[in-house]
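*Asks:*
Numbering (my numbering), first residue to last: 37 to 236.
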């Protein structure tokens, strides 16, 4: 099963990097990732399945958990593969407010997830690392996740702010960019003194 939330967020930057409009990161923030052999549990106030469009919409206090990784959002739309839709045809509704492990789609069939769209105060936490944004899109085919809108990443006292975070979920490489209309398109980093890289 492909991981739902394979997230590895940004590394701490050198002082000169804080003025860049887009900055590639290493792996100092590498805790936001999960094992792909762990089950996924989804809970929400309501679940609507549109089998014709191969999509399931979780809304209201959505919680997604896999291993140590937790995602909270207002709305989560899951687009699943066509073979999953065909296998589950005729079962267009599922009970609301109950955990739904992603070992199969809500309508039945296989567990092939194409894409996920989270919107409404997206919050992702794993271990001591947290990432928040207004929206997050996960493309499971390309293994690329994009978080947009007031992106804030924290690990302990370290904070990184930008407007768009792109994560390559297969490698953990992340890139944080600033918005041209907000703060002059600059990425802002705040590092605690004891988190600076050791001198070589």
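We treat Cβ as the ideally placed atom computed from N, Cα and C, and that holds for glycine.
#1: Write down the C-beta distance between residue 155 and residue 171 rounded to the nearest angstrom, noting that I regard them as a contact closer than 8 angstroms.
#2: Below 8 angstroms on the Cβ atoms is my guess for residue 194 versus residue 227; work out the distance and round it to an integer in Å.
#3: Report yes if the C-beta distance between residue 180 and residue 152 is below 8 angstroms; otherwise report no.
#4: Looking at the C-beta of residue 201, does it have a partner C-beta in chain D at a distance below 8 angstroms?
#5: Taking the alpha-carbon positions, what's the residue 196 to residue 79 distance?
#6: Quick check on the DSSP output: the beta strand (DSSP E) that includes residue 150 runs from which residue to which?
#7: What would DSSP say about residue 87, mapped onto helix, strand or coil?
#8: Tell me which residue opens and which closes the beta strand (DSSP E) that residue 105 is part of.
#9: Taking the C-alpha atoms as reference points, what is the distance between residue 189 and residue 165?
*Replies:* The relevant details are as follows:
#1: Numbered from 1 along the chain shown, position 119 holds the residue referred to as residue 155. Numbered from 1 along the chain shown, position 135 holds the residue referred to as residue 171. That belief holds up - the Cβ atoms of residue 155 and residue 171 are roughly 5 angstroms apart, short of 8 angstroms.
#2: Translated into positions along the chain shown, residue 194 becomes position 158. Translated into positions along the chain shown, residue 227 becomes position 191. With 8 angstroms as the limit, residue 194 and residue 227 qualify as a contact, their Cβ atoms being about 5 angstroms apart.
#3: Here residue 180 corresponds to residue number 144 of the chain shown, with the count starting at 1. Here residue 152 corresponds to residue number 116 of the chain shown, with the count starting at 1. Cβ distance not < 8 angstroms, so residue 180 and residue 152 don't count as in contact.
#4: No chain D is part of this structure, which consists of one protein chain only.
#5: The residue you call residue 196 lines up with position 160 of the chain shown. The residue you call residue 79 lines up with position 43 of the chain shown. Between residue 196 and residue 79, the C-alpha separation is close to 29 angstroms.
#6: Walking along the chain shown from the start, residue 150 turns up at place 114. First-last of the beta strand (DSSP E) with residue 150: 149-162.
#7: On the chain shown, position 51 is the one that residue 87 refers to. Residue state, collapsed to three classes: helix.
#8: Here residue 105 corresponds to residue number 69 of the chain shown, with the count starting at 1. Boundaries of the beta strand (DSSP E) around residue 105: 105-116.
#9: Here residue 189 is taken as the residue at index 153 of the chain shown, counted from 1. Here residue 165 is taken as the residue at index 129 of the chain shown, counted from 1. C-alpha separation (whole angstroms): 7 angstroms.
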